[in-house]
Amino acid sequence: YGFEPVRLEGLEWDEVVVPPATPLVKIANSVGITLPELKELNPHFRIHRTP
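Residue numbers (our numbering): 177 to 227.
The following block contains the structure:
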């Protein structure tokens, strides 16, 4: 059909260790993103804090 493949760049990330029960908003603020962005990147978090 004449379409050219689209190249998607991978995400870059750093791994951080935080204490249990850390609020996700605190983590988001510390890395310069919003809470919705953090939750989109980490869908396994079901509540607004770390396990």
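Ideal Cβ positions, reconstructed from N, Cα and C, are used throughout, including at glycine.
Whole-Å CB distance - residue i paired with residue j, under 8 Å assumed
i, j, result
"A204", "T210", "6 Å"
"L200", "H224", "5 Å"
DSSP bridge partner residues for residue i (one or two, in chain order)
i, result
"R225", "P199"
Nearest neighbour of residue i, chosen from the options [CA to CA]
i, options, result
"G186", "V194, P196 and L217", "L217"
For residue i, three-class secondary structure by DSSP
i, result
"N205", "helix"
"E180", "coil"
"E213", "helix"
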